[in-house]
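Throughout the sequence shown, residue numbering follows this note's numbering, covering 40 to 404 in sequence.
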Amino acid sequence: SRSAAGRKVSTKYSAMAMSRASRKKFIDSAIAFIQHHRLDGLDLDWEYPANRGGAPEDKENFVYLVKELREAFRPYGWMLTAAVAAGKSTIDTAYDIDDLANSLDFLHIMAYDYHGKWDRRTGHNAPLYSREDEPEEEKMLNVASTLKVYLDEGAPPEKLVLGLGFYGRTFNLADPQENGIAATTLTTALAGPYTKEEGFMGYNEICEKQTTEKGLWTLVWQKTHQVPYMIRDNMWIGYDDPISVSLKVAYAQKLGLGGVMAWAIDTDDFQGVCSDTRMKYPLLRAINKALTANMNERPSETPRPTKPSLDDDDFDDRFDDSNTLDSREHESGRPSRVGGRGGSAVATPTVTVLLALLLTSLAAR
Numbered sequence: 040s041r042s043a044a045g046r047k048v049s050t051k052y053s054a055m056a057m058s059r060a061s062r063k064k065f066i067d068s069a070i071a072f073i074q075h076h077r078l079d080g081l082d083l084d085w086e087y088p089a090n091r092g093g094a095p096e097d098k099e100n101f102v103y104l105v106k107e108l109r110e111a112f113r114p115y116g117w118m119l120t121a122a123v124a125a126g127k128s129t130i131d132t133a134y135d136i137d138d139l140a141n142s143l144d145f146l147h148i149m150a151y152d153y154h155g156k157w158d159r160r161t162g163h164n165a166p167l168y169s170r171e172d173e174p175e176e177e178k179m180l181n182v183a184s185t186l187k188v189y190l191d192e193g194a195p196p197e198k199l200v201l202g203l204g205f206y207g208r209t210f211n212l213a214d215p216q217e218n219g220i221a222a223t224t225l226t227t228a229l230a231g232p233y234t235k236e237e238g239f240m241g242y243n244e245i246c247e248k249q250t251t252e253k254g255l256w257t258l259v260w261q262k263t264h265q266v267p268y269m270i271r272d273n274m275w276i277g278y279d280d281p282i283s284v285s286l287k288v289a290y291a292q293k294l295g296l297g298g299v300m301a302w303a304i305d306t307d308d309f310q311g312v313c314s315d316t317r318m319k320y321p322l323l324r325a326i327n328k329a330l331t332a333n334m335n336e337r338p339s340e341t342p343r344p345t346k347p348s349l350d351d352d353d354f355d356d357r358f359d360d361s362n363t364l365d366s367r368e369h370e371s372g373r374p375s376r377v378g379g380r381g382g383s384a385v386a387t388p389t390v391t392v393l394l395a396l397l398l399t400s401l402a403a404r
């Protein structure tokens, strides 16, 4: 399917959704585009209704747009999905979740960018859980809390697709000795050699640094967030790796979600430069492995997962308990300074095998 728009066009989306006539013009053009390119549907990426220069009535107009698209797509059997925000304040102002879920096939939750250099202190891009020492207003900035909001607002779990970030957020520390979570940072931040965006690095760039600068970076597993970060001098990077991605996939399965998606596969290690065996797509492989390992499980009450036993050579040693600092020990003795972009992969029992075959095929290329 085709994704329409993105984070910089909220005002254009707002103008288009304002009236039935302008919505019809968009819908007609979408139908023509899908037919011309022989696609199977449309993903709406409005970031975000009633935000970033949008109008207060965007929330209602978005529902109208989705309902009218659904009716127009019905004769063709096309899929209709939407990329939706992770932050509760944005969710509350932007979406009527129950009405949207009635017309959408899936809601693709962009569960990343919870923290970044804009915070002026370190924080992970996509924590799975909150920490007890976080301020109340920040305890919602994690995957588990985001999913709870959508479920509590009436979204059917089978229509929710959890977004996984194949990248990390970078920071420059104000004081290299203050290098835990919520440490004060500068306005500048490290950029990747290929993506060249300050404050952002693809996983391929991150794991390449771990390989080419081995021994220079300290790798830390944050046990409460269930995610890794790494430090070198005043450089700090919070990211997802095969282990944390696997934990999120397992969490999505326990909740009975419709699947997972990735932003974006071009920042996975698609050349295999980080593996001694040149194995490509380690994050896609981790998703594949987690899905197939649990494909026969049924949704149940979700315990907090522990670090799984994963045996792929490219990341086994990286987080072996013998060479990884425990985050509580690593961050002890420091002052406490505790202070939202992909294709979907449906993980229902009927199609999980097809997903596994697809990901295996991609990873083998």
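Ideal placement from N, C-alpha and C gives every residue a C-beta, glycine not left out. Owing to the predicted nature of the structure, the values given are computational and were not obtained by experimental measurement.
- The beta carbons of residue 50 and residue 116 sit no closer together than 9 angstroms.
- Secondary structure at residue 261: strand, using DSSP grouped into helix, strand and coil.
- Secondary structure note for residue 188: its alpha helix (DSSP H) is the uninterrupted segment 182-191.
- When the alpha-carbon of residue 303 is set against those of 149, 256 and 214, the nearest one is in 149.
- Boundaries of the alpha helix (DSSP H) harbouring residue 71: 59-76, taken from the DSSP string.
- By alpha-carbon distance to residue 307, the top candidate from 278, 159 and 297 is 278.
- Leaving aside the five residues that flank residue 256 on each side, the residues in its chain whose CB is nearer than 8 angstroms to its CB run, in chain order, 248, 249, 269, 270 and 271.
- Collapsing the DSSP output to three states places residue 179 in coil.
- Of the other Cβ atoms in all chains shown, 16 or more fall within 10 Å of the Cβ of residue 126; this residue is therefore buried.
- Assignment of residue 211 by DSSP, reduced to helix, strand and coil, places it in the strand class.
- Residue 174 counts as exposed, since fewer than 16 other beta carbons sit within 10 angstroms of its beta carbon.
- Between the C-alpha atoms of residue 100 and residue 110 there is a straight-line separation of about 15 angstroms.
- The three-state reading of DSSP puts residue 270 in strand, counting E and B together.
- When the Cα atoms are used, residue 159 and residue 104 turn out to be separated by approximately 37 angstroms.
- The C-alpha of residue 330 lies about 16 angstroms from the C-alpha of residue 280.
- With fewer than three CB-CB distances shorter than 8 angstroms, the segment 239-247 does not count as touching the segment 176-194.
- If you check the CB distance, residue 124 and residue 86 come in under 9 angstroms.
- For residue 250, no beta strand (DSSP E) segment is defined; the enclosing uninterrupted segment is the alpha helix (DSSP H) at 242-251.
- Around the CB of residue 128, fewer than 16 other CB atoms lie within 10 Å, so the residue is classed as exposed.
- The beta carbon of residue 112 sits closer than 6 angstroms to those of 119, all from its chain and outside the five residues before and after it, given in chain order.
- Within the DSSP secondary-structure output, residue 80 pairs in a beta bridge with 118.
- Residue pairing of residue 204 in beta bridges, as defined by DSSP: 302.
- Between residue 210 and the set 216, 229, 286 and 327, the nearest pair of CA atoms involves 229.
- Across the structure, residue 78 and residue 172 are spaced so that their CA atoms are roughly 47 angstroms apart.
- The three-state secondary structure of residue 132, taken from DSSP, is helix.
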